[in-house]
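This report refers to the structure that appears directly beneath it.
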Amino acid sequence: MIPFDFKYYKPGTIEEATDIANKTLKKGKKIMYYAGGTEFISMARMHNIYTDAIIDIKGIPECNTHELKNNELTIGSTVTLTSIAEQNFFPLLSLTVERIADHTIQDKITLGGNLAGTIIYREAVLPLMVTDSDIVIANTYGKKRIPLKDIFDKRIQLQEDEMIVKVIIKEQFLSLPSIHVKRTKNEKIDYPLITIVALKDDIGINFAFSSICEYPFRSSSMENFLNDNSLPKDERIKKAIDNVPDKILNDISGSSEYRKFMFHSMLYEILTHFEEVN
Amino acid sequence: MDHIPRIKVNTLRKEAWDKVTGAAKYNGDIHTPDTLYAKMLTSTHAHASIKSIDTSDAENLDGVHAVITGDYIPVLSGSLIKDKPPIARNKVRYFGEPIAVVVASSKEKAMQAIKLIKVDYDPLPVVNSIANSIKSDATLIHESLGSYDCPAKNVYPKPGSNIAHHTKIRKGNMNKGWAESDVVIESKFKIPQSDHLAMETRNSRAKILPDGNVIIYTSSQAPFAVRKNLSELYNIPEGNVIVRVPLVGGAFGGKATVQTEYIAYLASKAVGGQMVEVMNSREEDISTSPCKIGLEAQLKIGATKAGIIKALECIYYADNGAYASTGPRMAKAIASDCSGPYNIENIHCDSFAVYTNHTYVTSYRGFGHAEFTFCMERMMDKLAASLQMDPIELRLKNAISPGDLSPTQSKITLSNTGNLTDCILRLKELTNWQEDRVVKMDNGMIRAKGMSCFWKTSTSPTDASSGVILTLNTDGSINLNCSAVEIGPGMKTTLAQILAEKMKMDVEKIHVVMNVDTQVSPNHWKTVASMTTFMVGNAVIRAAEDLIYQLRSIASVVLRCPPDDLDIKDQKIYLRDRPEIYVSFKNVVYGYMYPDGTCIGGQIIGRGSYIMRHLKTLDKETGKGKTGASWTVGAQAVEIEYDPKRYTYRLLKAITVIDVGKVINPKTATGLIMGGMSMGLGLATREEFLYDDVGVLEDTSLRTYKLIRFGEHPQYIVDFIETPQSDGPFGARGMGEHGILGMPAAFANAISLAAKAEFDMIPISPELIWKTKTGGKYDPI
Amino acid sequence: MLEISDSTIITLNVNGKDRKIVAKPSDILLHTLRKELGLTGAKPGCENGDCGACTILVDDWPIKSCLMLTVEAIGKRILTVEGLNDAPIQQAFVENWGFQCGYCTSGFLMVCHSLSKIHPNADEQTIQNWLQSNLCRCTSYDEIENAIKSILKWEVYYERTGRK
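Residue numbers (numbering that gives the first Met the number 0), protein chains in the order written: chain A, 0 to 277; chain B, 0 to 780; chain C, 0 to 163.
Right under this line is the structure:
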């Protein structure tokens, strides 16, 4: 039950979508780009969100792209998590999205929706962070392809009129050694206590974290410590944890002290995993 | 003629195919175009004075028909203590308490209007724990506790305190008990409140007709309590209140209290009697409607070196939340059975129901027994450890047996209690108990087994009763009409099997009246307390006897013989020694017609009723009395695998052996026990209400309030012992709740063994284990 | 561009038939199915996507209908429990005592039915992933596990290996 009315637009092109967004915004109205809608609906029923119009971008072919071409994997913003997992072009991403919400909802949640969501975990962004992926966004003035790291500061920084069209991952990353570890309070279907994604390239291991702080992040200083093979593993991990860039979450999923313990043991497992891969 | 058994048979539930095709209708599935929708505004504070409520903007919203607050027909409700306004008035006492109700043309409109109501609160100190509730200078939640009307006898609220009730058990001589004890063990326990979490949220509809009839459609375990309470509270003649209940989507005790029905009635009244629906959102069902008790306890137990328990001293505080509801009865139930299924001659027990600024409580599967069993069975393991005795041996030595006296000094017989020793011995076989109870695996994991015994009796009113009406169709089939609500356990089918067995006829020829209508069906106390098979089953047997008497009477005329020469079977009344001479039911149930057209007899209607026998209220000072007709005993075990590095665990196996007297439907009975076990493991591992430091409930949705999911379940084994209960239908005793009872204790015993630490609170999360083992500080070195 | 601003007549394909109904953009599919079409097999259990009692199939895949706008279903094939028509999973649930109160049953049936069509040879892990989307409070899940395995190729597996 959504306790307010709104207009529904389902454009067939990016131009239509951004155009109607622009026009509506100019009238002083609120718009939301809409893909899977799971977060929108659950927030709307609790009066936690309002909009005058939603623009359902699932009808835009470019947003539905899902292909490996010219050494790049392109995944449209409206591709569902189920589809990502079933097609499995990028196993690390598949593993990550298969642990978001539950299997049935994964068929509704889209990649773009998870990336742009207000939920603090947004785990789908982690594999994109460790692969230095690009993101294509669009507004009424056109499309642009931007490195994720340039537009990501705690969240993907989108203007009201901007929509995510797709993400692009370089093929070379798809088969690199990688690992996804998610721990919850007590059971599989739950928000993460901590999720870590790590991928090893020529230079070292890249890490991205969710549910350590109030936003997903990648930290070069933490990566430097974790990759410093001159130190014993426990020491590297301790330094990394000391350098977490923000307050460590303390909530009903777990206390911050427990998270630190868990974080330590997860990082230890990951480092051991990569040693064994070598 | 051979006897074809109808009991101990896996009869498919009558409504099975309706439930797998979407045809089964629940209360919220029926909508009529004239229905209006009510939505509650609920408190954002746990304890606050309401300085003002401004509903004018909400009232002016298009589509809104009425907005009511606690000032609309102010009354106090409560089956034991009248302490609860259906809509809060002047102050709120828990987070989620209704403070205003909007009635609108659609749910969306009602939701919009709710947002327009302005409430000015004046926060009061929050009683956020049992410790805060019982301290001498505690903030009072009910200042007028001393002047509240108590409709029930034997409820003892203490004016000027937060104590809603106190039951005392004084059995034997404590000084003697302690003197005889070589070993004394003491411990404290803690169990949080949690939710019933029936998949169908509580909901009801009401309409008031010009002829004065008030019709309530509700998802309730207690339609007759709804009728009685509404009638009394609002001065409506009882016959004018008509309560209709279809299939219910799970209840577990949570639908035994009258709550949404009051709101629906008031809402309907406010709009001139039009049909109004109140349907809890999941969040309201968790925070607004009543939940399960929390518990804090302190136990002290003494035993001889040989392991014979000589004394038990215990104090229980049940976190009753903001209103009494059935909380005092659970405090009483805990006290009455506080020994567990063990013979303890000297007992001193104080059991309190205390008010807090938490969600108020109602009955929950086990009625306090899962909670005290956790404490008592943890004590048994601690005692066994200190005596260096096998926990099973200790339990066998003390197992309750005929001739013993219960804590309320009620006499134990084999018939009224069953055979615990047999249950334990069978459990021992099924668990391979003689093997090591703790095994370290090659991969570093630790496997451990824990066990628990349980017992439970009902805590019904002494006058609880049941009725059954049997009517017949012209084909000789029978309609079974009773007011047991089909909340899931398949009781209507079980009752049909009992009737079929008694009537020696095909169960397919017995039609059950699935829905309950208080105007149509005879009264049944409530579908609670594992008493349906016992109470209604006995009424069914009496109705069948009445039917058989009538059938034999008419047949004796038709067949020209004394009624005593006749027997019945397969819908025929036949001469016992000449079975080929018979008359079929169909030829007599609407009168017998002779070849010339003349008729004798008439429509045959069977009726039977049952009232609880010899129950006695408990003596205020000693607790002497009798709370239930019988106990059901059993033994349970849980096997887990513990990861000592991560402090996590997996559930491997869960076993129950229970003495059910007689198994009526093996698969149904097994499923019922397994479902209870699953809930018990939920309590043991994850379910809890989490209040923040100002009493705001934090886990009000299924995102954060976690239940066991598919795949997390262990292997389940259920076995039955059958020691007949002589006054039960075909010997059957209650078993609906019992699967849950020992699970938290058995799990805690297993994890305590595996992790080498004492776990005396639930749920036991990996974080709790980590904290217990490490002190809760991250220490990387 | 499809544009809907108020209550409009739309066509939904439900259980193999095109049905015209009135809907507005903010309507949730679960409520449309229940109130407009009387298909009350899908149940509201949380209206938040957590419990799975409202699960239906959209283009053969399970979807929680409480998290879908009615207008999103335009042009899609919807299957509800009422459209199952003697699917093997219904018999399997009856035979395995796969439910008690029955409130979560429709949702479980739809997930199981979809799984049996999409992954008829699903392994343990896949079965678990799919069925963890739904909550049941009455059973222990063991009964539901037996039901789903009885209609997958598991029976063959059991016979071959003698393992359960």
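Positions of the beta carbon are idealized from the N, C-alpha and C atoms, including for glycine.
Chain C contact for glutamate 640 (chain B) (CB, 8 Å cutoff): Cβ-Cβ to chain C under 8 Å: no for glutamate 640 (chain B).
Smallest Cα separation from serine 180 (chain B): which of B:Asp61, B:Ser385, B:Leu229? Ranked by Cα distance from serine 180 (chain B), the options B:Asp61, B:Ser385, B:Leu229 are led by B:Ser385.
Sheet register partners of valine 360 (chain B) (DSSP bridge): Bridge partners of valine 360 (chain B): B:Cys290.
What did DSSP end up calling isoleucine 72 (chain B) once you bin it into helix, strand or coil? In this structure, DSSP gives isoleucine 72 (chain B) a state outside helix and strand, which the three-state scheme calls coil.
The alpha helix (DSSP H) enclosing glutamate 107 (chain B), as first and last residue numbers: Unbroken alpha helix (DSSP H) run through glutamate 107 (chain B): 106 to 113.
Using a Cβ-Cβ cut-off of less than 8 Å, list which residues of the stretch 11 to 25 of chain A approach chain C; keep chain order. Of all residues in the stretch 11 to 25 of chain A, Gly11, Glu15, Ile19 have a Cβ within less than 8 Å of some Cβ in chain C.
For the pair the stretch 79 to 94 of chain C and the stretch 58 to 67 of chain A, tell me if three or more CB-CB distances fall below 8 Å. Cβ pair count under 8 Å is below three, so no.
Bridge partners - valine 63 (chain B), DSSP secondary structure assignment: DSSP lists B:Ala103 as the beta-bridge partner residues of valine 63 (chain B).
Would you identify the three-state DSSP class for methionine 198 (chain B), choosing helix, strand or coil? Residue state for methionine 198 (chain B) is assigned as coil, using DSSP reduced to three classes.
So which residues of chain A does lysine 776 (chain B) contact, with C-beta pairs closer than 8 Å? Ordered by position in chain A, the residues that pass the 8 Å Cβ test against lysine 776 (chain B) are Glu256.
Indicate whether at least one CB of chain A lies closer than 8 Å to the CB of glutamine 111 (chain B). Interface residue, yes.
Let me know if threonine 217 (chain B) comes out buried or exposed under the rule of 16 or more other beta-carbons within 10 Å of its beta-carbon. By the neighbour-count rule (16 or more Cβ atoms within 10 Å), threonine 217 (chain B) is buried.
Under a Cβ-count criterion, where at least 16 other Cβ atoms within 10 Å of its own Cβ denotes burial, should threonine 621 (chain B) be classed as buried or exposed? Exposed.
Rounded C-alpha distance that separates serine 324 (chain B) from isoleucine 167 (chain A): Rounded to whole angstroms, serine 324 (chain B) to isoleucine 167 (chain A) spans 60 Å at the Cα level.
Residue-chain proximity (methionine 0 (chain A), chain C), Cβ-Cβ < 8 Å: Chain C, which has a Cβ nearer than 8 Å to the Cβ of methionine 0 (chain A), makes this yes.
What first and last residue would you give for the alpha helix (DSSP H) that runs through threonine 458 (chain B)? Here threonine 458 (chain B) belongs to no alpha helix (DSSP H), and DSSP marks it neither H nor E.
Give me, in chain order, the residues of the same chain whose beta-carbon lies closer than 7 Å to that of asparagine 19 (chain A); leave out the 5 immediate sequence neighbours on both sides. Strictly speaking, residue 19 (chain A) in this sequence is isoleucine, with asparagine absent from that position. Contacts found: Tyr8, Pro10, Ile54.
Who are the near neighbours of cysteine 452 (chain B) in its chain, counting only those whose CB is closer than 6 Å to its CB and skipping five residues on each side? Within the same chain, Pro340, Arg394, Ala634 come within 6 Å of cysteine 452 (chain B) by CB-CB distance, once the 5 residues on both sides are set aside.
Who are the Cβ neighbours of glutamine 549 (chain B) in its own chain at under 6 Å, not counting the five residues just before and after it? Within the same chain, glutamine 549 (chain B) has close Cβ partners Ile603.
Measure the CB-CB distance between glutamine 232 (chain C) and isoleucine 188 (chain A) and report whether it falls below 8 Å. Examination of residue 232 (chain C) is not possible in this model, given that chain C is present from 0 through 163 alone.
Distance, glycine 293 (chain B) Cα to tyrosine 363 (chain B) Cα: Note on geometry: alpha-carbon atoms of tyrosine 363 (chain B) and glycine 293 (chain B) lie some 11 Å from one another.
Please classify glycine 681 (chain B): does DSSP put it in a helix, a strand, or coil? Glycine 681 (chain B): helix per DSSP, three-state reduction.
Can you tell me whether isoleucine 761 (chain B) is helix, strand or coil according to DSSP? If DSSP states are grouped into helix, strand and coil, isoleucine 761 (chain B) belongs with coil.
What does DSSP give as the partner residue(s) for alanine 205 (chain B) in the beta ladder? Looking at the DSSP output, alanine 205 (chain B) sits in a beta bridge with B:Ile215, B:Val275.
Other residues of its chain near lysine 331 (chain B): CB distance less than 8 Å, five sequence neighbours each side excluded: Beyond the five residues adjoining it in sequence on each side, lysine 331 (chain B) comes within less than 8 Å, by CB distance, of Asn153, His164, Thr166, Ser350, Thr458, Leu617, Thr626 in the same chain, given in chain order.
Name the two residues that bound the continuous alpha helix (DSSP H) containing arginine 5 (chain B). Note, arginine 5 (chain B): premise wrong, no alpha helix (DSSP H); not H, not E.
Counted within 10 angstroms of its Cβ, other Cβ atoms place alanine 22 (chain B) as buried (16 or more) or exposed: The residue is exposed, with fewer than 16 neighbouring Cβ atoms inside 10 Å.
Segments assigned beta strand (DSSP E), at least 3 residues, entirely inside the stretch 612 to 664 of chain B: Residue ranges of uninterrupted beta strand (DSSP E) with 3 or more members, entirely inside the stretch 612 to 664 of chain B and ordered along the chain, are 630 to 642, 647 to 658.
Taking a cut of 8 Å between CB atoms, which residues from the stretch 58 to 70 of chain C lie near chain A? Within the stretch 58 to 70 of chain C, the qualifying residues are Trp60, Pro61, Ile62, Lys63, Cys65, Leu66, Met67, Leu68, Val70.
Looking at threonine 684 (chain B) and aspartate 658 (chain B), is the spacing between their C-beta atoms short of 8 Å? Not in contact: aspartate 658 (chain B) and threonine 684 (chain B) (Cβ atoms no closer than 8 Å).
Given this structure, state the Cα-to-Cα distance separating tyrosine 214 (chain A) from isoleucine 118 (chain A), to the nearest angstrom. Cα-Cα distance, rounded: 9 Å.
Under 9 Å from the C-beta of proline 119 (chain C): neighbouring residues of chain A: Neighbours of proline 119 (chain C) on chain A: none; closest Cβ ~15 Å, over 9 Å.
Do phenylalanine 746 (chain B) and glutamine 192 (chain B) have their beta-carbon atoms positioned less than 8 Å apart in this structure? Going by C-beta atoms, glutamine 192 (chain B) is not nearer than 8 Å to phenylalanine 746 (chain B).
Pop quiz: leucine 229 (chain B) and alanine 151 (chain B) are said to be a contact at Cβ under 8 Å. What is the actual Cβ separation, rounded to whole angstroms? Contact doesn't hold; Cβ gap of about 18 Å is too wide.
Is arginine 436 (chain B) helix, strand or coil by DSSP? Assignment of arginine 436 (chain B) by DSSP, reduced to helix, strand and coil, places it in the coil class.
DSSP beta-bridge partners for arginine 18 (chain C)? Answer is C:Leu11.
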